[in-house]
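Participant: Here you go, one structure.
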Ligand code: AHM
Ligand code: MG
């Protein structure tokens, strides 16, 4: 977008905020009730809150293990617990949710009748938690389903393929807070302007390049990788023609996927001989990221099937993930076609 008010020069008078953008999209749907708009308002407020706390964490004693005290002697919550509490309270207060599934809670949260709405939100409040104490990028990931017709909100409402999500997104807390979101009509990226406390549309209609030059895997797991993954990585590191790919791995999915969306290439967290289903969680990590990548023109697969087609059987189930540029993901798929899925 030209002159969104972030470049040098006089501030733009054509600033588009997340709220105004969602409202204008809503007006194009005559039957929209505004519920989703209010839900997204709750989510973006939560992201602003978490962003503020991420930046103050070191000063406020929010890092490290829970159980520490601040100068007043009050108990401090670890940043990921605090983020989870903020997210749950804000979603419940919105009055638009029926079921919440969080990485931090073993069981789904069924919202009480007094606050109940029509939407179900699955989320990882603070992903990449091993990076928190080092100040490396972390993020919030979320996906939104609508309750099935006639349902008041049960686990079944979220055990549905990712392709049925109404909204998917993440907020990356890096040098700035970046909220990237899709409501099924492409992907838009917003940057938090701390001065006015608004997410400003800075990356409209993100399209992932068809091929990239970067691969992003935790190669520390190489010993355990199955043959198709080993052979694929070999093919991009020792190509018969052309330049080898560059390696980038932050170990924070939000940051690794954000870079992949903008620059192209491939992010992978495959299953291996140690972890039969990989490490990442299907509902609130695999699905939202797969949704965004597909909406941006890329692909997301387990190596054997499209991630968004999987019908979950449990809220915290895991999934092997390869996602990114179409041509790069098709290359990894070719290696998998030559072998059967490991049992
Ligand atoms: P978390 O939800 O416990 O933070 O774990 C998920 C994170 C992802 O952000 C990241 O892609 C992956 O775990 C990194 O795992 P590893 O340290 O094994 O490379
Ligand atoms: Mg996580």
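Residue numbers (the numbering used here): 889 to 1231. For glycine and all other residues, C-beta sits at the position ideal for the given N, C-alpha and C.
(1) Short of 6 angstroms in beta carbon distance, which residues of its chain neighbour residue 1161, apart from the five on each side in sequence? Order them along the chain.
(2) Along the chain, where does the alpha helix (DSSP H) containing residue 1027 start, and where does it finish?
(3) Classify residue 1126: buried if its beta carbon has 16 or more other beta carbons within 10 angstroms, exposed otherwise.
(4) For residue 1095 and residue 1196, I'd like the C-alpha separation in whole angstroms.
(5) Could you please give the first and the last residue of the uninterrupted beta strand (DSSP E) stretch that includes residue 1189?
(6) For residue 1021 and residue 1107, what's the separation of their Cα atoms in angstroms?
(7) Consider the C-beta atom of residue 1016 and the heavy atoms of ligand 1; say whether any pair is separated by less than 7 angstroms.
(8) May I ask whether a heavy atom of ligand 4 can be found less than 7 angstroms away from the beta carbon of residue 994?
(9) Which value, in whole angstroms, describes the spacing of the CA atoms of residue 1065 and residue 1025?
(10) Do you know offhand how far residue 989's Cα is from residue 941's?
(11) According to the neighbour-count rule (16 or more other Cβ atoms, all chains shown, within 10 Å of its Cβ), is residue 921 buried or exposed?
(12) Ordered along the chain, which non-local residues of its own chain (more than five positions away) have a Cβ less than 8 angstroms from that of residue 1232?
(13) Could you tell me how far apart the beta carbons of residue 1046 and residue 1008 are, in whole angstroms, since I believe they sit closer than 8 angstroms?
(14) Across which residues does DSSP place residue 1061 in a beta bridge pair?
(15) State the Cα-Cα distance for the pair residue 994 and residue 1204, rounded to the nearest angstrom.
(16) With residue 1146 as the anchor, note down where its beta strand (DSSP E) starts and where it stops.
Facilitator: Taking the definition as stated:
(1) Excluding positions up to five away in sequence, the list reads 1112.
(2) It is not in any alpha helix (DSSP H) - residue 1027 instead sits in the beta strand (DSSP E) that spans 1026-1034.
(3) Residue 1126 counts as exposed, since fewer than 16 other C-beta atoms from the protein chains shown sit within 10 angstroms of its C-beta.
(4) Each residue's Cα considered, the two are about 19 angstroms apart.
(5) Residues 1187-1189.
(6) Residue 1021 and residue 1107 have their alpha carbons spaced roughly 23 angstroms apart.
(7) Yes, Cβ of residue 1016 sits closer than 7 angstroms to a heavy atom of ligand 1.
(8) With respect to ligand 4, the structure offers nothing, as its ligand set consists of ligand 1 and ligand 2.
(9) C-alpha of residue 1065 to C-alpha of residue 1025: approximately 10 angstroms in a straight line.
(10) When rounded, the separation of the alpha-carbon atoms in residue 989 and residue 941 is 22 angstroms.
(11) By the neighbour-count definition (other C-beta atoms within 10 Å, threshold 16), residue 921 is an exposed residue.
(12) As displayed, the chain neither begins before 889 nor continues past 1231, which places residue 1232 out of reach and without an answer.
(13) Correct: roughly 5 angstroms between the Cβ atoms.
(14) Paired residue(s): 1026 and 1065.
(15) Near 8 angstroms, if we compare the C-alpha coordinates of residue 1204 and residue 994.
(16) For residue 1146, there is no enclosing beta strand (DSSP E); the enclosing alpha helix (DSSP H) has its first and last residue at 1141-1151.
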